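Written below as structure tokens is the structure these notes are about.
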Amino acid sequence: MARVVLILGDDVSTDVIYPGRFMATMLPTETPAHAFADEKEFNAKLAKKEIPPGSVIAAGRNFGCGSSREQAASCLKGPGFIVVARSFARIFRQNAVNLGLRTIAAPEFEASVGDELEFHPDEIVNRTSGRRCRIEPLSETQQSMIEAGGLIPYTRKRLLAR
Amino acid sequence: MGMTIAEKILARASGRARVQPGEIVEPAVDLAMSHENAALVINQFNEIHQGTDLSPKVWNPDRIALIFDHRVPAESFKTANNQKKIRQFLAAQGIRKFHEIRGDEGGICHQILPENGYVRPGYLVVGTDSHTTSHGALGAFAMGIGATEMASIWALGVVLNLEVPATIRVHMHGRLPHRVYAKDLILHLIGRVTANGATFKVLEFHGSTIERMALSGRLTLCNMSVEAGATAGIVPADQETLRYLKQEAGVKERLAPLDADGDAVYDQTVDIDVAGLEPQIACPHAVDNVKPVSEVAGKRLDQIVIGSCTNGRFDDLEIAARILRGKKVAPGVRLLVFPASGRIYRRAMDEGVIQALARSGAVIMNSGCGCCLGVHQGALADGDVALATTNRNFKGRMGNPNAEVYLCSPATAAMSAISGRITDPRKGGS
């Protein structure tokens, strides 16, 4: 079971996920400190480690639109978030796959803060509301990238095979 | 069955006779561009090689370009250290397409690549910057990627697992009305298709308006294609493309035009008659929240920004100077001008454009991205309202989540600087 800890609307940009003014910070160990830096309450909870790994950030359409900054994915990967959105922007989704941040696209997804979710291969069951909604699966190649542990080991394997 | 321009480029780069949307390909990269975030690419690149006997050598140093533009000159020692680390890496790897923080050869990456002839029709270009879509203006397939993906490309020279995107044909016809420009066109298009209307798709621009448009305007169109979610924006390479590359970018080799096949298959077609179009404004906090200028005219402004990779080219500055020459920026309003490159800056000086803007009260900044994304200079105060020729107006974009950013063309920005309020550029001035 995974608990929803933050609900966001449509078109959440990378400027909201990881504001540009922190872009000189790049190390995946350091980026989580600035995740949702302008959502002060949430960022403070994160800093105090009050949010357990495996918690869900829920959003509407086009999550992660805007900049290609990888910090927007690494800052969520570090604390172990799962992002469920109705849809994702392309570069953010690819960065998430490359880094192994778990993202789930569910076009009719609805939830409230505190809801407990159960993930199945093709659907999400909201244990709190009883609602079920389908998941749009990742492509096979994206899935294989995740199974390889992300793009770095995947590339290393390819390089060694040459 | 024919192919779109994107399909032709990806087929060629993947060594196939043809490709179609949905296929997974592994195309060879012609040009890989990064800026300051190369510091992260270097980390990831080294990590790929960790635990192996392989020495971390890039696949081809001649196909990598590096431009410092996001925080120039460095605003902090952290950035300065990142830049230093990148310089050392470039020297060690023998990467020569490197543009330093300099007034002669420096500038914003999306201007430096075209003006140095680094991008050719038919190229596959990747960049660790979402506005890499700009280079589709030269008939290339150009897309933004993340740092880890770039590290993989530095190692292998190919994009792994790229799904061939479908293409949307955008047909723009008619003559642009007085003081309506490429920027107004692309804002109007984004408003129509929405911020994710082209996600995982390519926008391919056609029609008489595009055929008549100079390369500068085409760069603006492709630059902002990503704001509709597009993977790439592409304009066919025609005589104007070849003229630009030969005359302005000094390319000596033979170049050929590139267009889609007549029987190419499109996901959909968007038709726009530009003849009746008003100047457009994207309102806070979404790029697809687009309104005609008449609906937002009168809004009081604190800061106006002219420049960036979207609208910092010579013609953009000249249009602004023509409006501002002999006039004054309204009291209480800050006008910041960022030429897109050192070359543009110098031409604007030679032709009196910089002088006219500075005399009107504009602050002439060095070429760079910092203000647009709120990392370096030109930050907004709480409650401030900005009008900018840049490309994004997301909450917090110009450095403050408690401020507002409106987007427009250089003409609208210049006219609004005189009144201190959002103003229709078609009213008044010469």
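Protein sequence lines correspond, in order, to chains S and L.
Counted from 1, the first sequence has number 1148 at position 127 by the numbering used here; the numbering is strictly sequential.
Counted from 1, the second sequence has number 246 at position 239 by the numbering used here; the numbering is strictly sequential.
Backbone N, C-alpha and C fix where the C-beta goes; we use that ideal spot for every residue, glycine too.
Note that the coordinates shown come from a computational prediction; the quantities given were computed from them, not determined experimentally.
Inter-residue Cα distance where the pair is residue i and residue j
i	j	result
G1081/S	D1032/S	7 Å
E30/L	G283/L	40 Å
T317/L	T248/L	18 Å
E255/L	R1107/S	45 Å
I288/L	M1022/S	45 Å
V132/L	V277/L	25 Å
P264/L	I351/L	26 Å
C415/L	P286/L	8 Å
E1157/S	I425/L	51 Å
A1110/S	A1126/S	11 Å
V1146/S	L1138/S	6 Å
E54/L	I108/L	28 Å
R1179/S	D69/L	22 Å
T216/L	L183/L	7 Å
A347/L	G314/L	6 Å
V258/L	N123/L	8 Å
I1103/S	G305/L	44 Å
G349/L	G134/L	21 Å
T201/L	C379/L	21 Å
V300/L	E411/L	16 Å
L17/L	Y188/L	31 Å
I279/L	G214/L	9 Å
I1072/S	E302/L	44 Å
S21/L	E170/L	12 Å
N450/L	F345/L	Nothing can be reported for residue 450/L, as the shown portion of chain L is limited to 8 through 437.
S232/L	F105/L	26 Å
R127/L	V242/L	12 Å
For residue i, the three-state DSSP class (helix, strand or coil)
i	result
Y188/L	coil
S437/L	Any reading at S437/L must be qualified, since the residue scores a pLDDT of 48, below 50, and its modelled position is unreliable; the value itself is stated next. The answer is coil: DSSP assigns S437/L none of H, G, I, E or B.
K104/L	strand
S1133/S	coil
P1053/S	helix
I12/L	helix
V1025/S	strand
H42/L	coil
G1099/S	coil
R2/L	The question about residue 2/L has no answer, for chain L in this structure spans 8 to 437.
A1169/S	coil
G283/L	helix
I1038/S	helix
L131/L	strand
N88/L	helix
A1058/S	coil
A420/L	helix
T276/L	strand
I429/L	coil
N67/L	coil
E1144/S	strand
Status (buried if at least 16 other CB within 10 Å, exposed otherwise) for residue i
i	result
P121/L	buried
K1070/S	exposed
H117/L	buried
N88/L	exposed
T11/L	buried
K190/L	buried
G9/L	exposed
K208/L	buried
M356/L	exposed
S437/L	Low confidence applies to S437/L: its pLDDT is 48, below 50, so where it sits in the model is not reliable enough to give any reading.
Interface flag, residue i vs chain B, CB-CB below 9 Å
i	result
N1064/S	No chain B appears in the structure shown, which is made up of the protein chains S and L.
At least three beta-carbon pairs within less than 8 Å, the region 360-378 of chain L to the region 185-197 of chain L: Taking a cut-off of 8 Å on C-beta distances, the region 360-378 of chain L does not touch the region 185-197 of chain L, as fewer than three cross pairs fall below it.
Spell out a yes or no on whether the region 284-296 of chain L and the region 391-407 of chain L are touching, meaning 3 or more CB-CB pairs, one atom from each, closer than 8 Å. Verdict: yes, contact present.
May I ask you to verify whether the region 75-83 of chain L touches the region 33-44 of chain L, counting CB pairs closer than 8 Å and requiring at least 3? With a cut-off of 8 Å, the region 33-44 of chain L and the region 75-83 of chain L count as touching, because enough Cβ pairs lie within range.
Below 8 Å, can you find three or more Cβ-Cβ pairs linking the region 1164-1172 of chain S to the region 1131-1142 of chain S? no
For the pair the region 1053-1066 of chain S and the region 1082-1098 of chain S, tell me if three or more CB-CB distances fall below 8 Å. yes
Could you pull out every unbroken beta strand (DSSP E) segment of at least 3 residues lying fully inside the region 285-318 of chain L, listed in chain order? The region 285-318 of chain L contains these whole beta strand (DSSP E) runs: 287-289, 297-299 and 310-314.
Tell me whether the region 139-150 of chain L and the region 173-181 of chain L touch, counting them as touching only if at least three CB pairs, one residue from each stretch, are closer than 8 Å. no
Taking contact to mean at least 3 C-beta pairs separated by less than 8 Å, is the region 32-39 of chain L in contact with the region 1082-1090 of chain S? no
Unbroken stretches of the alpha helix (DSSP H), 4 residues or longer, contained in the region 166-211 of chain L: 189-200
Report yes or no: do three or more beta-carbon pairs, one from the region 61-71 of chain L and one from the region 90-103 of chain L, lie closer than 8 Å? yes
Which ranges does the alpha helix (DSSP H) cover as unbroken runs of at least 4 residues, wholly within the region 315-355 of chain L, from first to last along the chain? 315-318 and 321-331
Between the region 407-424 of chain L and the region 320-336 of chain L, can you find at least three pairs of beta-carbon atoms closer than 8 Å? yes
Assess, as a yes-or-no matter, whether the region 329-349 of chain L is touched by the region 363-378 of chain L under the definition of 3 or more beta carbon pairs within less than 8 Å. yes
Using 8 Å as the Cβ pair cut-off and three pairs as the minimum, do the region 307-316 of chain L and the region 386-395 of chain L touch? yes
Pick out the complete alpha helix (DSSP H) segments inside the region 1064-1130 of chain S, 4 residues or longer, and give them in chain order. 1092-1098 and 1111-1120
Quick one: which unbroken alpha helix (DSSP H) runs of 4-plus residues sit fully inside the region 348-419 of chain L? Chain order, please. 349-357 and 360-367
With a cut-off of 8 Å, do at least 3 Cβ pairs link the region 268-275 of chain L to the region 135-143 of chain L? no
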